[in-house]
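Numbering (this note's numbering), first residue to last: 56 to 553. Just so it is clear, CB atoms sit at the ideal spot from N, CA and C, and this is done for glycine as well. One structure below.
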Amino acid sequence: MTRPAAMLALLVSGVPCLGSTQGSQPLRKTDVIRLLSNPLISRREVADLIRRNCVSFRPTPRDWADLRDFGADSEVLSSIGGCATTSTAQRAAPTLPLAAVLLPARVAVAVGGEAVARVQVKRGEAPQAGAPLVLRGSSAIPGGPPRDVQAVTDASGVAVFRFPVGRLPATYSLDVVTGSGASIAGTPSLELIVAPSAPAVAAVQPGRVELRAGERGPISLLVTVRDSFGNAVPGEVVALQPDSPEMGVAVDAHSTDSIGRAEFAVERAAVRRGGKLMIRVRGQPLGSVDVIRTDVMAPAATGFVSGVGQRGIARTRLSESLVFQVRSTLGRPLTGRLVTFRAVNAEVATDSVMTDSAGLARVEVTLGKQAGPALVTATVDSLQRQAALTVDPAAPASVILERDGSRVDGGTTPATVGVSFVLRVSAQDAYGNRVATADLARMIQQMRNRFNQQSQLLKMVSVEPEGGGATATFKPIAAGQADLSIAGATVSVMIAPR
């Protein structure tokens, strides 16, 4: 089927008569085609009718081709051309300009997020659907869209722009333009505010503070709050609080400035002990400051470091001084600490010493008279440490005689004829300490024969070494008084008959 035949088939249901088209209404394209399709109406009459009523459309190349296919001659075409030009000029109503309304004019979003901006486009009061728009300048956002973001208005004339905003806080001014890039008069710029995200970390300078007793003046702390992307977070309340009330530091709070910083001042004299100052933002711990009391003694690192365990002869000075070390919790020497010394079975040259620049206190020790252990106790603050020493006996100075655990030399001891008894013979120094003498038993053994030959009342039966001394067994053979002398020790034995 040809195109004119197809058009005629579509229009055959309502072919108008000439009288029905003589109103004042402009002719539509379908009206003209129906007139041309009516064999009862001449082309001149169609041309006259078009000149009187004019047409309601502006012919396109397709329209001209369709009219020719339906038999329009030059007169009809000329009438339509002249009428369309005149009609358009006479009837063209002024077109209202496009207007765009930002919903809203300011959009705020956190870094790393997505911005959603809405714009409504109208002509007068009529929403404009299907209007392409561009958000000019959006491609300049670092980490944002690769090109200026585009959107098309919906049936209500609203276009929605969605685009990433990158990781850097900033404020941008973006313009809404048509798809062709033309500005829309009277439309303000969209203000896009890219703000930092939630606080994630608080950096403190300095991160460590060292204090000593007696120091005064403020400690300045600078806290910088940043989000997870490393951006400074302004306007956040930062709280500084000690990890324990025993530190003596009061809780304080300040807001961060435009570059995310908050400054604190802590009085040195207020810090009673070391610990941590916690940094909290929105109730969450984001950082801390270590407060170290450098003058706090470390018990594990404080004590005797030299001279312990020495031994020497009674009443002699040790060859090596006792050295006491005082260290802080940082392992540093504590200078000027008073260390007091006291001794048992020994004497110290001075009862108190101040630690030197190396944190050391030295003391000379003279051992006591009593053989055996000696003890020196050092005290610094409330801490005590002890150094064990050993006192050895001096040179043998005399010999003692004992019977059944009691000394009998220089006195008398009873005996009975025929009943043996034992004397223990040992040496002692000038301070009464027993002195082991390996040759004592041998010496007594050597005098045994001579003694037995000379003694008429008492015989030495045997001699045995014992613990550095000797035991001698005697047997009385007659009643009377026998004077016994061994290595200068004497005893009178009163022998009774049986």
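Under the three-state reduction of DSSP, which class applies to residue 84: helix, strand or coil? Residue state, collapsed to three classes: helix.
What residue does the beta strand (DSSP E) around residue 289 start on, and which one ends it? Segment: none, residue 289 is in no beta strand (DSSP E) and carries neither H nor E.
Leaving out five residues on either side along the sequence, give the residues of the same chain with a beta carbon under 6 Å from the beta carbon of residue 77. Since pLDDT at residue 77 reaches only 48, below the 50 mark, its modelled position is unreliable, and the value read off the structure follows with that caveat. Shown here for residue 77: not one same chain residue has a beta carbon closer than 6 Å to its own, the five before and five after excluded.
How would you call residue 515, buried or exposed, if buried means at least 16 neighbouring beta carbons within 10 angstroms? When all chains shown are included, residue 515 counts as buried.
Suppose contacts are defined by Cβ-Cβ distances below 8 Å. Is residue 447 in contact with residue 366 by that definition? With respect to residue 366, residue 447 sits close: the two C-beta atoms are nearer than 8 Å.
Thinking C-beta only, is residue 257 closer than 8 Å to residue 334? In this structure, the beta-carbon distance from residue 334 to residue 257 falls below 8 Å.
Between the region 285-294 and the region 365-381, can you find at least three pairs of beta-carbon atoms closer than 8 Å? Not touching, per the Cβ criterion.
From what residue to what residue does the beta strand (DSSP E) around residue 190 run? Segment 187-191, the beta strand (DSSP E) holding residue 190.
Please classify residue 546 as buried or exposed, where buried requires at least 16 other C-beta atoms within 10 Å of its C-beta. It is buried - the Cβ of residue 546 has at least 16 other Cβ atoms within 10 Å.
Is the beta carbon of residue 399 sitting closer than 8 Å to the one on residue 429? Against a cut-off of 8 Å, the Cβ pair of residue 429 and residue 399 comes out as a contact.
Check whether residue 415 and residue 439 have beta carbons under 8 Å apart: Residue 439 is positioned such that its CB atom lies no closer than 8 Å to that of residue 415.
Which of the three DSSP states, helix, strand or coil, is assigned to residue 239? Coil at residue 239, not helix or strand.
What is the C-beta distance between residue 451 and residue 426, in whole angstroms, given that I count them as a contact (C-beta under 8 Å)? Contact doesn't hold; Cβ gap of about 12 Å is too wide.
For residue 219 and residue 192, which I take to be in contact (beta-carbon distance under 8 Å), what is that distance rounded to the nearest angstrom? Not a contact, Cβ separation roughly 15 Å.
Does the beta-carbon distance from residue 166 to residue 215 come in below 8 Å? No, the pair does not count as a contact, with Cβ atoms beyond the cut-off.
Rounding to the nearest angstrom, what Cα-Cα distance links residue 513 and residue 369 in this structure? Rounded to the nearest angstrom, the two C-alpha atoms are 38 Å apart.
Rounding to the nearest angstrom, what Cα-Cα distance links residue 302 and residue 164 in this structure? Approximately 41 Å, taken between the alpha carbons.
Rounded C-beta distance between residue 355 and residue 388? I'm assuming under 8 Å. Between residue 355 and residue 388 a beta carbon distance of about 15 Å is seen, past the 8 Å cut, so the two are scored as non-contacting.
Tell me, which residues are paired with residue 524 by DSSP? Answer is 521.
Return helix, strand or coil for residue 397, following the three-state DSSP convention. Note: residue 397 maps to strand in three-state DSSP.
Whole-angstrom Cβ separation of residue 259 and residue 278, contact assumed at under 8 Å? The Cβ separation is near 5 Å, so the contact holds.
Burial state of residue 68, where buried means 16 or more other Cβ atoms lie within 10 Å: Residue confidence is low: residue 68 scores 40 on pLDDT, short of 50, so the model does not pin down where it sits. Its coordinate-derived value is still stated next. Flag for residue 68 reads exposed.
For residue 223, which of helix, strand or coil comes out of DSSP? Three-state result, residue 223: coil.
Could you give the DSSP three-state label for residue 134: helix, strand or coil? Helix.
Should residue 541 and residue 480 be called a contact, given that it needs their Cβ atoms to be closer than 8 Å? Between residue 541 and residue 480, the C-beta spacing is below 8 Å.
So residue 265 is in the beta strand (DSSP E); what residue range does that whole segment cover? 263-266 is the extent of the beta strand (DSSP E) around residue 265.
Would you mind reading off the limits of the alpha helix (DSSP H) that contains residue 409? Note, residue 409: premise wrong, no alpha helix (DSSP H); beta strand (DSSP E) at 407-409.
For residue 129, the three-state DSSP class (helix, strand or coil): DSSP, read as helix, strand or coil, puts residue 129 in helix.
Restricting to Cα atoms, I'd like to know which of 523, 406, 410 is closest to residue 455. Scanning 523, 406, 410 for the CA closest to the CA of residue 455 turns up 523.
If you draw a straight line from the C-alpha of residue 266 to the C-alpha of residue 449, how long is it? Residue 266 and residue 449: Cα-Cα distance of roughly 52 Å.
Find the nearest neighbour of residue 530 within the set 464, 274, 478, 176, judged by alpha-carbon distance. The residue from 464, 274, 478, 176 with its alpha-carbon nearest to that of residue 530 is 478.
For residue 249 and residue 221, believed in contact at Cβ under 8 Å, the rounded distance: The beta-carbon distance between residue 221 and residue 249, rounded to whole angstroms, is 7 Å. This is short enough to meet the 8 Å contact definition.
Can you name, in chain order, every residue of its own chain whose Cβ lies under 7 Å from the Cβ of residue 80, other than the five neighbours on each side? Excluding positions up to five away in sequence, the list reads 108.
In this structure, how does DSSP classify residue 474 when only helix, strand and coil are distinguished? Here residue 474 carries a coil assignment [DSSP, helix/strand/coil].
When you compare each of 223, 506, 185 to residue 195 by their alpha carbons, which one comes out closest? For the set 223, 506, 185, the Cα lying nearest the Cα of residue 195 is the one of 223.
Which residues bound the beta strand (DSSP E) around residue 549? Under the DSSP assignment, residue 549 falls in the beta strand (DSSP E) whose first and last residues are 544-551.
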